[in-house]
Amino acid sequence: GAGVSQSPSNKVTEKGKDVELRCDPISGHTALYWYRQSLGQGLEFLIYFQGNSAPDKSGLPSDRFSAERTGGSVSTLTIQRTQQEDSAVYLCASSLLGVTTYNEQFFGPGTRLTVL
Amino acid sequence: DQQVKQNSPSLSVQEGRISILNCDYTNSMFDYFLWYKKYPAEGPTFLISISSIKDKNEDGRFTVFLNKSAKHLSLHIVPSQPGDSAVYFCAAISSNTGKLIFGQGTTLQVKP
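These protein sequence lines map, in sequence, to chains A and B.
Going by this note's numbering, the first sequence opens with residue 1, and the numbers climb by one from there.
Going by this note's numbering, the second sequence opens with residue 1, and the numbers climb by one from there.
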């Protein structure tokens with residue numbers, strides 16, 4: 001079956017513009033996660049969804065970042081007024097069960113965001 | 001505050017030899033530890049995991065060891081193959097938070 005997909009695969013934008021990154025999780029997966037990997041850094045947790053709700057938004061770097069998930073499926077990560085330090089690979093993952101039990105997270109290929 | 005650390009950014013080994021990748025953590029609440037493998041332009045893929053109640057888990061050429069007293073885990077790959085060349089991320093999770101905390105990654109190069 002299809003894995004986690006993300007779009008676009010690459011996004012180049014100018015400083016100050018808004019961007020939207022999309023994630024399509026594996027069908028039936030209840031939990032969805034957003035991470036980012038900046039150059040030379042590990043994967044940084046941003047936010048997760050249990051169904052359509054996000055119980056923990058503490059990983060979002062600033063109030064310019066927001067995310068939503070609709071219908072328990074597709075999620076969108078929005079970055080407003082992008083800054084150069086937002087340049088990174090943004091990864092989405094999904095898991096079958098909720099986060100109260102460990103279960104494997106399956107990752108998408110990521111969106112490489114470059115802010116000029 | 002880096003809760004999961006991989007202090008070696010890179011490792012190079014000869015094909016057929018053992019690769020040992022190390023990881024240290026600080027949070028005693030972690031109850032699962034995982035290794036992910038990542039090729040360029042792809043997302044990480046799950047490799048092997050270990051529960052905090054165990055000290056060893058083996059899957060084919062891959063073995064993960066956990067030393068809770070030292071808050072240290074390692075991944076052994078033997079024999080190493082050129083196709084194992086990738087970035088390896090150590091990760092830890094506490095089931096009461098659900099957050100998967102990753103290390104910085106170690107780039108493994110296996111030379112033919």
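Glycine included, every Cβ here is placed at the ideal spot set by N, Cα and C.
Just so it is clear, the structure is predicted and the values come from calculations on it, not from any experiment.
- Within the region 26 to 43 of chain B, the residues whose Cβ lies closer than 9 Å to any Cβ of chain A are, in chain order, Asp31, Tyr32, Leu34, Tyr36, Lys38, Ala41, Glu42 and Gly43.
- Judged by their CB atoms, leucine 113 of chain A and alanine 93 of chain A are not nearer to each other than the 8 Å cut-off.
- Beyond the five residues adjoining it in sequence on each side, phenylalanine 45 of chain A comes within less than 6 Å, by CB distance, of Tyr35 and Gly59 in the same chain, given in chain order.
- The Cβ atoms of lysine 5 of chain B and glycine 103 of chain B sit closer than 8 Å to each other.
- The DSSP-derived three-state label of glutamine 109 of chain B is strand.
- For lysine 68 of chain B, not one C-beta of chain A is nearer than 8 Å to its own C-beta.
- Of the candidates A/Cys23, A/Lys11, A/Lys17 and A/Asp86, the residue whose Cα lies closest to the Cα of serine 75 of chain A is A/Cys23.
- Listed along the chain, the chain A residues whose CB falls inside 8 Å of the CB of phenylalanine 65 of chain B amount to none; the nearest CB is some 19 Å away.
- C-alpha of serine 69 of chain B to C-alpha of glutamine 50 of chain A: approximately 33 Å in a straight line.
- In the three-state reduction of the DSSP assignment, aspartate 63 of chain A falls in the coil class.
- At a cut-off of 8 Å between beta-carbon atoms, proline 8 of chain A makes no contact with chain B.
- Closest in C-alpha terms to threonine 63 of chain B, from the list B/Ser95, B/Phe89, B/Thr106 and B/Leu21, comes B/Leu21.
- For phenylalanine 106 of chain A against isoleucine 47 of chain A, the beta-carbon gap comes to about 17 Å, at or over 8 Å, which does not count as contact.
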